[in-house]
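Since the structure comes first, as structure tokens, the remarks are kept for the end.
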DNA sequence: AATGAATGAGGGTTCATTCAT
DNA sequence: GATGAATGAACCCTCATTCAT
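Residue numbers (my numbering), protein chains in the order written: chain A, 438 to 634; chain B, 438 to 634; chain C, 438 to 634; chain D, 438 to 634.
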């Protein structure tokens, strides 16, 4: 990549980062192109030159965000922790990028996702889900996961949790309860003791 | 209440209902006062006469919505079902009002809530939470809930689920997995069988 | 029509007139909503309240213009002048409305017309053309028009002239040549004298 | 002309051609410098380097267009057809360049012309008009044109026609009526028969 | 009390043009 | 000499809100 292209990419990256920060703080709709331009120290038109429209900028920001997030997610698996610790980390690890995400921005991402935007879909289907499935299988092998449960159910279950953790308010409330929550997760609300039936 | 006041209340109610419907479908930001006025068959100014500002209207709509939702929530407890059935109903019952709620509107409500808006806070603290706590105690007495778990943790746990269920996409995906999800909820991912430790 | 409606119509008419004047002078594209608003002494938004979009305003201005023009056109027939005088008047009469029309505006009107916009089309097909045809028939009866010529051809022929007359530059150049032009129109370039073949 | 200059002229010509095509299709106002640059495979700035401003580019394009058109016009006279055939050809010949010209572009040219832009004016005054005058004189000599008519009047008359023919809609409507139109042109609407007075 | 009319502020977007390499 | 990058100004349009009747 020559100097021209590199500088272009750098500036694009600046704009993306500025937009990402603003979107995460205030949501997509509340942030105007003007604000992004100001924060990125460029003119509005420059943004249009690079991204063509606000909609497109939003797409690119999401891609940017998703791929950054992805690396952090993937790194969670790069260790030899025992299964329960992996799970704990997976749910409670505060990823650098993902925290403090404005709910509007979050919803926009979800809308993209459920609209089947290929980039996210592919990353999720081809990489994230298989990684999780593999983890569940490991848990089943080691006796930590009931082999009768379908991986899909467990995935949904985790998904719901992981998502809730992204919300700052919930995260803060739940942090002091980590142990209890982990217990419920593993042993259910009944606990490991004797069961009524 | 004399005729004047009654008509006034009726009109207010019309406006609230119109606004609620639109907010639930499209979110708060995407709905303009003009649209609400049109749907409610009044002029924009009438809305201002009654509600002073859009922000205030939103507050009132949320109050309206929360109280409607509350009756449905309360009614979930009016039965003699065994504990597990109550839980299932609690999580999976599609309340009439709450379903299909636009995520933007949902977030606005949540923001109100976490901002400590008194009305919601009070309803939640003084009515909803005690009702839930009572339920958990019942579960503990009957051996369905581990007595070592704090009620607060269980509450959070349920909260996360109940909230996820409000989202149409998640609800639809999870419905076919009801049994698995309930199993995880009660027995954890380990299941009721022998435990590794 | 009550006072409200009357005032509304009056204001609408103001805006239409302002827009018409500007369009005729500078063309549609060169005139901004802001300019129209300033000239009509209203805010831009008022124009949008009345006309919804610039496109729509243009439509309405054209309708307004066409109907005004129509009365003047129709009045040209309300007389007992001999056929040749009628023709002369028809071609050279400077209608109050039609003169000084900016060519861009003219083209926009023509585009509307050829797009088959119903209002203009109908006026033209059902009223203007029959009126002209009738005139040609009169001319044929009185020996002023060759009965072998199709009315359609004559219509086209006149149409071309009448249109050219609308253009200020042409009109001014042609005015001193009125007699010659009329002669050509009636007797052709060959003139009434003996013909070569 | 050395290689540098030749390449420069080639590029200029490319740009002119690209601009001309676009102007003829969409009009001057609707075509942006960016589009021209893209079509000509140069950068926007190159256009500015060569033509200084859009206005100036438009001038140059018109000059380019006029001179191309001129050759075609001139060639119409290079034959030994009898007078009536020459006239017919003159009016109905669809020149290669001139056809399908967007009306906006046409008007811009006309504005240039009536503004007395020297290049066009000169070509017109010194070349086109004399050529036409010569033709009329020929017609007069051969008895096809009434010697009492001033050449200026006939010129205007033809001008109006020729112009109308440039418009696609009119051209298409008039083509099937060629014979009638030619008859009117030569013998007037009265025709060659006996005259009423 | 209710409403039609009106608006200032701001949003996304486009364009002709200039800067800087 | 040629270009990618950048921009101020303007445009159409929307919205929450106020005015005037």
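Ideal Cβ placement from N, Cα and C applies to all residues, glycine included. From a predicted model like this one, the values you see are computed outputs, not experimental measurements.
ask   = Is residue 459(C) closer than 8 Å to residue 501(C) when the C-beta atoms are compared?
value = Pairing residue 501(C) with residue 459(C) gives a Cβ-Cβ distance that is not under 8 Å.
ask   = Does any residue of chain A bring its CB to less than 8 Å from the CB of residue 603(B)?
value = Chain A, which has no Cβ nearer than 8 Å to the Cβ of residue 603(B), makes this no.
query = Within the 8 Å Cβ cut-off, does residue 623(A) reach chain B?
reply = Interface with chain B (8 Å Cβ-Cβ cutoff): residue 623(A) is included.
request  = Taking C-beta pairs closer than 7 Å, name the residues in chain A that residue 468(B) reaches, listed in chain order.
outcome  = Those do not exist, as residue 468(B) stays about 12 Å from chain A at its closest Cβ, beyond 7 Å.
query = Can you give the beta carbon distance from residue 628(A) to residue 586(B), rounded, assuming they're within the 8 Å contact cut?
reply = Right, their Cβ atoms sit about 7 Å apart.
ask   = Taking just the CA atoms, how far does residue 523(C) sit from residue 572(C)?
value = As the crow flies, the alpha-carbon of residue 572(C) is around 9 Å from that of residue 523(C).
task = Could you tell me the distance, in whole angstroms, from the CA atom of residue 467(B) to the CA atom of residue 542(B)?
result = Linking residue 467(B) to residue 542(B) through their CA atoms gives a straight-line distance of about 10 Å.
ask   = Quick one: what's got a C-beta closer than 8 Å to residue 491(B)'s C-beta in the same chain, skipping five residues either side?
value = Annotation for residue 491(B): 470 place their beta carbon closer than 8 Å to its own, counting only its chain and skipping 5 residues before and after.
query = Once you ignore the five residues that flank residue 451(B) on each side, which residues in its own chain have a CB closer than 6 Å to its CB?
reply = Residues 477 of the same chain have their beta carbon placed closer than 6 Å to that of residue 451(B), with the five preceding and five following residues left out of the count.
key: The alpha helix (DSSP H) enclosing residue 485(D), as first and last residue numbers   = Counting along the chain, the alpha helix (DSSP H) containing residue 485(D) begins and ends at 481 to 488.
ask   = Residues in the segment 564 to 585 of chain C with C-beta within 9 Å of chain D's C-beta atoms, listed in sequence order?
value = Per Cβ criterion, the list reads 573, 576, 579, 580, 581, 582, 583, 584 and 585.
Three-state secondary structure assigned by DSSP to residue 495(B) = Helix, per DSSP.
ask   = For residue 599(D), which residues of its own chain have a beta-carbon under 8 Å away from its beta-carbon, when the five flanking residues on both sides are left out?
value = Excluding sequence neighbours, residue 599(D) sits near 527 and 528.
ask   = Does DSSP classify residue 633(A) as helix, strand or coil?
value = Confidence at residue 633(A) is low in this model, with a pLDDT of 48, below 50, so its placement is unreliable and the value that follows should be read with caution. Reduced to three states, the DSSP call for residue 633(A) is coil.
task = Starting from the C-beta of residue 622(B), find all residues in its chain whose C-beta is less than 6 Å away, skip the five residues before and the five after it, and write them out in chain order.
result = Exclusion of the five residues before and after residue 622(B) leaves no residue of its chain whose Cβ lies closer than 6 Å to its Cβ.
query = So, do the segment 581 to 597 of chain A and the segment 599 to 611 of chain B have three or more beta carbon pairs nearer to each other than 8 Å?
reply = Yes, since at least three Cβ pairs between the segment 581 to 597 of chain A and the segment 599 to 611 of chain B fall closer than 8 Å, the two stretches touch.
is_contact[residue 594(C), chain D] using C-beta, thresh 8 Å = Interface residue, yes.
Cα-Cα separation between residue 519(A) and residue 514(B), rounded to whole angstroms = Within the model, the alpha-carbon separation for residue 519(A) versus residue 514(B) is close to 41 Å.
inquiry  = Against chain C, with Cβ distances strictly below 8 Å, would residue 590(D) count as a contact?
reply    = Taking a beta-carbon distance threshold of 8 Å, residue 590(D) counts as an interface residue toward chain C.
ask   = residue 528(B) by DSSP, collapsed to three states: which one?
value = The answer is helix: DSSP assigns residue 528(B) an H, G or I state.
message = If I follow the unbroken alpha helix (DSSP H) through residue 544(D), where does it start and stop?
response = It spans 540 to 551 - the alpha helix (DSSP H) in which residue 544(D) sits, taken as one unbroken run.
inquiry  = Measuring straight from C-alpha to C-alpha, what distance separates residue 446(B) and residue 440(B)?
reply    = The C-alpha of residue 446(B) lies about 10 Å from the C-alpha of residue 440(B).
query = How would you label residue 489(B), buried or exposed, when you count the other beta carbons within 10 angstroms and need 16 or more for buried?
reply = Flag for residue 489(B) reads exposed.
task = Step through the CB atoms of chain B and report whether any lies within less than 8 Å of the CB of residue 620(A).
result = It does: the Cβ of residue 620(A) has a partner Cβ on chain B nearer than 8 Å.
message = Can you check whether the C-beta of residue 617(A) is within less than 8 Å of a C-beta belonging to chain B?
response = Output row for residue 617(A): interface = yes.
inquiry  = Could you compute how far the alpha carbon of residue 567(B) sits from the alpha carbon of residue 503(B)?
reply    = Approximately 17 Å, taken between the alpha carbons.
query = Which residues bound the alpha helix (DSSP H) around residue 464(C)?
reply = Going by DSSP, residue 464(C) is part of no alpha helix (DSSP H) at all; its letter is neither H nor E.
key: Within chain A, partners of residue 540(B) - CB distance below 9 Å   = Under the 9 Å cutoff, chain A gives 540, 541, 543, 544, 547 and 548.
ask   = Helix, strand or coil: how does DSSP classify residue 623(C) here?
value = The answer is helix: DSSP assigns residue 623(C) an H, G or I state.
task = Give the straight-line distance between the Cα atoms of residue 442(C) and residue 548(D), rounded to the nearest whole angstrom.
result = Whole-angstrom Cα-Cα distance: 42 Å.
ask   = Residues of chain C with a CB under 9 Å from the CB of residue 461(D): which are they?
value = Result: empty, since nearest Cβ-Cβ is about 14 Å, beyond 9 Å.
inquiry  = Please state the DSSP three-state secondary structure of residue 587(D).
reply    = Here residue 587(D) sits in coil by DSSP.
query = What does a CB cutoff of less than 7 Å around residue 615(B) pick up in its chain, not counting 5 residues either side in sequence?
reply = Shown here for residue 615(B): same chain residues with a beta carbon closer than 7 Å to its own, the five before and five after excluded, namely 529 in chain order.
request  = Give the residues of chain B in contact with residue 599(A), contact being defined as C-beta atoms less than 7 Å apart.
outcome  = Within 7 Å Cβ-Cβ: nothing; residue 599(A) doesn't reach chain B, min ~10 Å.
message = Would you say residue 514(B) lies against chain A (beta-carbon separation less than 8 Å)?
response = Taking Cβ atoms only, chain A never reaches closer than 8 Å to residue 514(B), which makes this a no.
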